[in-house]
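What follows is a set of notes on a single structure, which appears directly below.
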Amino acid sequence: MSEKPDNTEDKQEEMASLKSWGAPVTWFEEHNCSNKVVDCGWGRLLFGQTFDGPDSLAKLLQEEQSGRRDIALYVREPHIVLAAAPLALFLDPSHTFRRNFDTPLPPVNHEGLIIREAEPEDQDRINAIYQARGMIPWEPGFVASTKTHDEIIILVAIEPSTDDIVGVVEGVDHVVAINDPDNGSSLWALAVDTKARRPGIGKKLSLALAQHFCDLGRSFMDLSVMHDNADAIGLYKKLGFEQVPVYCVKKKNTVNERLFVGPEPNQHLNIYGQIIVDEARRRGISVEVEDEAAALFSLTLGSRRVACRESLCDLTSAVAMSRCDDKALTHRLLAKVGLMVPAQKIIESEDDAIEFLERYNRVVVKPVKGEQGQGVFVDLQSAKGVKAAIGEAKKYCNDVIIEQFVSGDDVRIIVIDGEVVAAAIRKPASIVGDGKHSIRELIEKQSRRREAATRGESRIPIDDETERCLRHAGQTLETVLEEGAFLAVRKTANLHTGGTIHDVTPELHVSLADAAVRAAAALGMPVVGLDFVVPAIDQPAYWIIEANERPGLANHEPAPTAEKFIDFLFPSTRPGAA
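Going by this note's numbering, the letters in the sequence shown line up with residues 2 to 579, in that order.
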């Protein structure tokens with residue numbers, strides 16, 4: 002990490018004698034630091050203590066650019082700032098926590114991670130993490146701009162086994178930014194990839210940033226955290242952070258609407274329903290929730306009313322839905338129009354299944370009807386395994402399919418109204434060894450992280466299929482993997498069994514997109530998720546495995562799936578529509 006310019010010892014002594022929220026505004030004027038603002042990429046950080054009055058602070062907050070999120074921190078008199086623009090501004094319901102550096106920081110142990118400063122070429126990967134977390138991405142060229150602005154430092158965490166960026170944090174040096182009398186710093190925009198396999202990435206990034214500022218001679222590091230984020234608050238307290246009476250003021254906008262309008266009646270919708278409801282509300286479409294647990298709701302605009310269950314809506318016919326619900330029927334219809342599908346048949350007897358296995362050597366067994374990967378067994382290579390899988394699959398449906406196993410990347414392609422709007426590679430649940438914990442413990446830890454990242458939609462079951470996958474790899478649940486060792490613990494890439502999803506929409510080969518559109522048309526599906534297996538995402542070869550009549554649109558951010566879905570349901574609300 003590069004070192005930043007620091008003040009002289011005399012200047013630090015002068016600063017230490019003051020308190021920034023108690024220092025007179027004239028001090029900042031005398032030091033040419035009044036009305037100070039720092040561009041943080043996602044918006045501006047306004048140092049409230051430097052402003053010459055509440056009116057000027059309120060005025061500047063109201064000039065926030067569309068799609069950005071400005072924050073005024075260290076506001077001297079937040080109640081008076083709010084009174085200056087009560088309809089436009091609000092007091093953010095977050096706490097400020099401070100880590101003073103007068104006591105030693107815990108040792109920074111990266112445990113196999115690489116933590117370094119961000120480079121300009123990292124920005125797209127960082128923005129993908131932010132968008133998957135529902136956070137505002139940085140404006141174009143922001144990382145490059147920080148190389149010439151010493152008040153900002155950005156750290157990224159790299160997973161060595163994949164070279165992926167799995168976490169990011171942004172720091173602001175208050176001394177460089179405002180000649181801070183308190184000699185402080187702050188942490189912003191901490192985010193961890195929802196697909197990260199290692200635990201504690203956020204903690205390691207926070208400590209690394211704190212150590213950076215401590216090494217520069219700063220006195221403390223502040224951060225802002227939502228008042229109800231108990232897990233984060235608990236972590237920060239363990240790291241020595243203490244709550245301080247410092248508050249944020251923000252402008253009311255669509256990005257932070259949930260923070261000032263109060264709880265909605267549908268706060269318990271799952272992520273697949275919520276992403277659609279949020280987009281509808283942004284367009285002025287009214288929402289009526291019929292059943293939260295089932296994610297059933299209706300959208301109404303004028304005289305038009307559409308009932309939905311997540312992405313399944315009135316505009317999908319019952320006949321079209323039945324074409325997807327029956328996997329054998331899906332297979333026949335797609336083959337009929339010349340699309341590539343693996344060999345498949347409904348099992349009539351165990352002997353029938355064993356004969357199929359002998360012909361293709363590697364097979365898949367699954368129920369004719371079912372979802373979320375239930376009862377699906379992949380890459381079976383023995384008669385014993387096939388027989389056991391048939392028995393398990395029959396628990397979900399009396400009719401069971403055996404299918405040729407085809408290898409390659411598992412790709413979900415979303416088609417809405419005859420247009421491919423998203424494509425993502427799906428990867429099976431996996432773990433990374435740390436040389437300390439058993440595979441069982443690592444699965445449990447990873448499962449908790451996946452569950453938290455997906456609001457309970459994704460978790461890794463420890464069941465017969467997981468144990469079968471481990472046996473194929475020569476492992477057991479009690480094995481302790483060595484540091485950095487990568488291990489897939491499921492064969493299927495289904496999100497509900499801990500799989501992860503990685504957006505590849507820009508790289509999708511035109512032949513794959515064409516096949517997906519043709520498949521949607523053959524099934525009569527206006528909204529559908531098609532499961533492909535491909536040798537490579539940028540090549541034309543493929544097999545279509547299944548079609549999903551209710552694809553999870555929330556899994557495909559940053560692709561605009563919810564926006565395209567609402568465009569389809571309510572064309573008059575499309576941007577630029579007459």
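For each residue, glycine too, the CB sits at the ideal point set by N, CA and C.
Spatial neighbours of Leu302 in its chain, beta-carbon cut-off 6 angstroms, leaving aside the 5 residues before and after: Taken in chain order, the residues that qualify are Ile286, Phe571.
Do Leu531 and Ala542 come within 8 angstroms of each other at the CB atom, strictly closer than that value? No, the Cβ-Cβ distance between Ala542 and Leu531 is not below 8 angstroms.
What's the gap between the Cα of Glu65 and the Cα of Ile72? Each residue's Cα considered, the two are about 10 angstroms apart.
When DSSP labels each residue in this structure, what does Phe52 get in the three-state scheme? Three-state result, Phe52: coil.
N-terminal and C-terminal residue of the alpha helix (DSSP H) that Ser448 is part of: Segment 440 to 454, the alpha helix (DSSP H) holding Ser448.
How many whole angstroms separate the CB atoms of Ala344 and Val387, which I take to be in contact at a CB cut-off of 8 angstroms? The Cβ separation is near 15 angstroms, so there is no contact.
On the three-pair Cβ rule with 8 angstroms, is the stretch 88 to 100 touching the stretch 249 to 261? Note that the stretch 88 to 100 touches the stretch 249 to 261; at least 3 beta-carbon pairs, one per stretch, sit closer than 8 angstroms.
Straight-line Cα distance separating Gly168 from Ala453: Their Cα atoms are separated by approximately 16 angstroms.
Residues in the same chain with beta-carbon distance under 8 angstroms from Val38, minus the five sequence neighbours each way, listed in chain order, please. The residues are Arg45, Leu46, Leu47, Phe48, Leu61.
Measure the C-alpha to C-alpha separation of Glu372 and Glu393 and round it to an integer number of angstroms. Those two C-alpha atoms are separated by around 14 angstroms.
Which term fits Asn110, buried or exposed, when burial requires 16 or more other beta carbons within 10 angstroms of its beta carbon? Taking all protein chains in view, the Cβ of Asn110 is surrounded by fewer than 16 other Cβ atoms within 10 Å, so the residue is classified as exposed.
Alpha carbon to alpha carbon, how far is Phe569 from Tyr397? The alpha-carbon separation between Phe569 and Tyr397 amounts to approximately 33 angstroms.
By the 10 Å Cβ neighbour count, where 16 or more other Cβ atoms means buried, how is His80 classified, buried or exposed? Burial is judged here by how many other beta carbons sit within 10 angstroms of a residue's own beta carbon; His80 has fewer than 16 and is exposed.
Measure the CB-CB distance between Glu1 and Lys328 and report whether it falls below 8 angstroms. Summary: the structure shown does not reach residue 1, with the chain confined to residues 2 through 579, and so no result is reported for it.
If distances are taken between C-alpha atoms only, which option among Leu443, Leu334, Gly201 comes closest to Leu236? The shortest Cα separation from Leu236 among Leu443, Leu334, Gly201 belongs to Gly201.
Quick check on Arg117: does DSSP put it in helix, strand or coil? Note: Arg117 maps to strand in three-state DSSP.
Span of the alpha helix (DSSP H), counted from its first residue to its last, around Val568: The sequence given here places Asp at residue 568; Val does not occur at that position. 562 to 570 is the extent of the alpha helix (DSSP H) around Asp568.
Beta-carbon proximity list for His497, same chain, < 7 angstroms, skipping 5 on both sides: Cβ within range, chain order: Gln373, Gly374, Glu458, Ser459.
Any idea if Asp223 is buried or exposed, counting beta-carbon neighbours within 10 angstroms, 16 or more meaning buried? Buried, by the Cβ-count rule.
C-alpha gap between Val490 and Thr455, whole angstroms: Going by the C-alpha atoms only, they are around 19 angstroms apart.
DSSP puts Ala424 in a beta bridge; with which residues? Answer is Ile414, bridged to Ala424.
Please state whether the Cβ-Cβ distance between Asn257 and Arg70 is less than 8 angstroms. Contact: yes.
Just reading off the beta strand (DSSP E) that Cys309 is part of, what are its end residues? Following the DSSP letters along the chain, one finds Cys309 inside the beta strand (DSSP E) bounded by residues 305 to 310.
Helix, strand or coil, according to DSSP, for Phe221 in the structure here? Note: Phe221 maps to strand in three-state DSSP.
Per DSSP, which residues does Phe378 bridge with? Please list them. The partner list for Phe378 (beta bridge, DSSP) reads Val366.
C-alpha distance - Gly485 paired with Asp465, whole-angstrom precision: Spanning the alpha carbons of Gly485 and Asp465 requires a straight line of approximately 26 angstroms.
Give the DSSP-derived three-state secondary structure of His150 in the structure shown. It is coil, neither helix nor strand.
So Asp418 and Pro527 are in contact, right, with Cβ under 8 angstroms, and what is the actual spacing, rounded? Rounded to the nearest angstrom, the Cβ distance from Asp418 to Pro527 is 6 angstroms, consistent with a contact under 8 angstroms.
Segment limits, beta strand (DSSP E) that includes Asp352: Judged by DSSP secondary structure, Asp352 falls outside any beta strand (DSSP E) and instead within the alpha helix (DSSP H) spanning 351 to 361.
Can you name the start and end residues of the beta strand (DSSP E) that Gln540 belongs to? That residue, Gln540, is in no beta strand (DSSP E); it is neither H nor E in DSSP.
Reducing DSSP to helix, strand and coil, say where Leu58 ends up. In the structure shown, Leu58 sits in a helix (DSSP, three-state: H, G or I).
Determine the direct distance from the alpha carbon of Ala231 to that of Ala384, and round the result to whole angstroms. Going by the C-alpha atoms only, they are around 50 angstroms apart.
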